[in-house]
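Oh and the sequence shown: position 35 is 35 in our numbering, straight run, nothing missing.
Here is the structure we will look at, set down as structure tokens.
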Amino acid sequence: MHVRSVVLVLLGACSYGVLSTFVKLAYADGYDTGHVTGSQMLFGALMLWVLAWPYRRRWPRLPWREVAKIAAAGSLVGVTGIFYYASLRYIPASIAIVLLFQFTWIGVLLEVLTTRKAPHLMKGASVAVLLVGTVLASGLYEGELERLPVPGLVLGLLSAVSYALFIYLSGRVAPTVSPWLRSPIMITGSFVATILVFPPTFLVDGSLTRSLALWGFLLALFGAVLPTLFFTYGVPHIGPGLASILGSAELPTAVLMSRFVLGEAVSLWQWMGVALILVGIGVAELKPPRWLRARRPFPAPGRNR
């Protein structure tokens with residue numbers, strides 16, 4: 001096993017985990033969701049294109065239709081950011097990240113609906129563990145969820161849905177194109193999606209000459225550049241299974257940051273829920289018994305069983 005690759009993927013996941021804290025601090029600095037998401041996507045696109053430019057000789061000649069597909073898939077990152085960052089205006093970061101992580105079982109459900117194949121035993125067990133962990137980590141067991149604003153909860157769940165769609169589509173849109181080209185195109189699509197929702201007033205209202213430039217740079221660095229570089233190098237050496245497990249480090253990182261930087265209260269039950277969610281992600285990557293590996297499609301509607 002490549003130890004360096006493991007460390008890089010772990011660091012990439014942890015870098016995602018600090019984003020919610022930066023967003024909360026940017027809100028405290030007087031900025032809104034449009035400022036935060038727009039500046040992040042702008043800086044992210046600029047930084048990735050600069051990093052990718054030396055590799056331009058290796059870029060394939062893509063038809064505009066293919067470029068549009070990649071950008072459209074990448075726009076879901078911007079949509080996820082809009083929902084996730086907007087939820088942070090209503091609910092604690094430790095709850096928002098738990099809601100975002102519902103993309104794990106939503107992705108399994110999406111796979112079942114599109115492939116018409118039942119999930120194997122390990123994935124089914126994973127979903128069960130994830131749901132129990134979510135009940136604990138969200139504070140539902142302690143009655144905390146009832147006191148949280150409904151808009152924040154809805155936005156958090158919508159971020160999970162859009163992220164699950166992004167993962168599903170990103171693996172099917174131009175998978176053979178170099179990540180040095182796909183990543184800048186995707187983040188550019190994210191920027192376009194963001195400014196369609198929030199007009200980029202931050203470009204002309206003087207925000208970038210103040211602290212917004214710092215927050216936009218930090219969010220782009222930890223949310224687009226570092227994870228892209230670390231995952232691009234590390235994942236091919238360790239495989240997607242281990243990478244998925246290591247990628248779940250985003251969750252405890254976000255909860256730790258919310259506790260010790262933002263000062264949000266995190267109970268023992270919530271920590272137990274976080275641990276269960278991590279276990280659930282790990283269970284999903286285990287191989288099922290040999291006799292369960294052959295999955296049969298669901299019968300078509302109207303067909304006799």
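Where is the CB? At the ideal position from N, CA and C, for every residue including glycine.
For residue j and residue i, believed in contact at Cβ under 8 angstroms, the rounded distance
{"i": "residue 104", "j": "residue 258", "result": "The Cβ separation is near 20 angstroms, so there is no contact."}
{"i": "residue 101", "j": "residue 158", "result": "Residue 101 to residue 158, Cβ: 14 angstroms. No contact."}
{"i": "residue 246", "j": "residue 13", "result": "6 angstroms"}
{"i": "residue 275", "j": "residue 97", "result": "No, residue 275 and residue 97 are not in contact; Cβ-Cβ is about 14 angstroms, not under 8 angstroms."}
{"i": "residue 200", "j": "residue 15", "result": "Residue 200 to residue 15, Cβ: 25 angstroms. No contact."}
CA-to-CA distance, residue j to residue i, given in whole angstroms
{"i": "residue 148", "j": "residue 87", "result": "11 angstroms"}
{"i": "residue 151", "j": "residue 90", "result": "7 angstroms"}
{"i": "residue 220", "j": "residue 180", "result": "16 angstroms"}
{"i": "residue 156", "j": "residue 33", "result": "14 angstroms"}
{"i": "residue 263", "j": "residue 46", "result": "33 angstroms"}
{"i": "residue 251", "j": "residue 27", "result": "21 angstroms"}
{"i": "residue 80", "j": "residue 57", "result": "32 angstroms"}
{"i": "residue 230", "j": "residue 236", "result": "11 angstroms"}
{"i": "residue 189", "j": "residue 69", "result": "9 angstroms"}
{"i": "residue 309", "j": "residue 269", "result": "With the chain covering only 1 through 305, there is no way to say anything about residue 309."}
{"i": "residue 61", "j": "residue 75", "result": "21 angstroms"}
{"i": "residue 304", "j": "residue 163", "result": "In this prediction, residue 304 has a pLDDT of 43, which is less than 50 and means its spatial position is unreliable; what the coordinates show is noted afterwards. Going from the Cα of residue 304 to the Cα of residue 163 covers about 36 angstroms."}
{"i": "residue 182", "j": "residue 85", "result": "24 angstroms"}
{"i": "residue 214", "j": "residue 121", "result": "46 angstroms"}
{"i": "residue 52", "j": "residue 71", "result": "16 angstroms"}
{"i": "residue 208", "j": "residue 31", "result": "11 angstroms"}
{"i": "residue 177", "j": "residue 146", "result": "46 angstroms"}
{"i": "residue 93", "j": "residue 266", "result": "10 angstroms"}
{"i": "residue 165", "j": "residue 2", "result": "30 angstroms"}
{"i": "residue 244", "j": "residue 171", "result": "14 angstroms"}
{"i": "residue 35", "j": "residue 286", "result": "41 angstroms"}
{"i": "residue 174", "j": "residue 73", "result": "10 angstroms"}
{"i": "residue 211", "j": "residue 261", "result": "19 angstroms"}
Sequence-distant residues of the same chain with beta carbon closer than 7 angstroms to residue i, five excluded per side
{"i": "residue 42", "result": "191, 216"}
{"i": "residue 329", "result": "Lying outside 1 to 305, the shown extent of the chain, residue 329 is not represented and no answer is given."}
{"i": "residue 49", "result": "184"}
Chain-order list of residues whose beta-carbon lies under 6 angstroms from that of residue i (same chain, five-residue window excluded)
{"i": "residue 194", "result": "37, 38, 41, 78"}
{"i": "residue 44", "result": "187, 220, 224"}
{"i": "residue 5", "result": "234, 237, 238"}
{"i": "residue 298", "result": "In this prediction, residue 298 scores a pLDDT of 45, lower than 50, which makes its location untrustworthy; the coordinate-derived value is nonetheless stated afterwards. Within the same chain, residue 298 has close Cβ partners 116."}
{"i": "residue 273", "result": "133, 136, 137"}
{"i": "residue 232", "result": "179"}
Nonlocal neighbours in the same chain, by C-beta distance under 8 angstroms from residue i, ignoring five residues either side
{"i": "residue 108", "result": "119, 123, 126, 127, 284"}
{"i": "residue 10", "result": "246, 249"}
{"i": "residue 167", "result": "103, 107"}
{"i": "residue 160", "result": "99, 100, 101, 102, 103, 106"}
{"i": "residue 65", "result": "none"}
{"i": "residue 296", "result": "Residue placement at residue 296 cannot be trusted, given a pLDDT of 48 that sits under 50; the coordinates are not used to answer."}
{"i": "residue 222", "result": "15, 16, 18, 19, 22"}
{"i": "residue 218", "result": "22"}
Any non-hydrogen atom of the ligand SAM closer than 7 angstroms to residue i Cβ
{"i": "residue 183", "result": "For the structure depicted, the ligand SAM is absent and the ligand set is empty, with no information on it obtainable."}
Checklist entry - Taking contact to mean at least 3 C-beta pairs separated by less than 8 angstroms, is the segment 273-288 in contact with the segment 127-135? => result Segment contact: the segment 273-288 against the segment 127-135, three or more CB-CB distances shorter than 8 angstroms; contact assigned.
Next on the checklist: If we require 4 or more residues per run, which alpha helix (DSSP H) segments fall completely within the segment 201-241?
Outcome noted: Entirely contained in the segment 201-241, the alpha helix (DSSP H) runs reaching 4 residues are, in chain order, 212-220, 226-238.
Checklist entry - Which runs of the alpha helix (DSSP H), 4 residues or longer, sit entirely within the segment 142-179? => result Within the segment 142-179, complete alpha helix (DSSP H) segments of at least 4 residues are found at 150-170, given in chain order.
Checklist entry - For the segment 51-115, which segments carrying the alpha helix (DSSP H) assignment without a break, of at least 4 residues, lie completely within its bounds, in sequence order? => result Complete alpha helix (DSSP H) runs here, min 4: 64-87, 93-100, 103-115.
Next on the checklist: Which runs of the alpha helix (DSSP H) at least 4 residues long sit entirely within the segment 11-55? Give them in chain order.
Outcome noted: Unbroken alpha helix (DSSP H) stretches of 4 residues or longer found wholly inside the segment 11-55: 19-28, 33-52, given in chain order.
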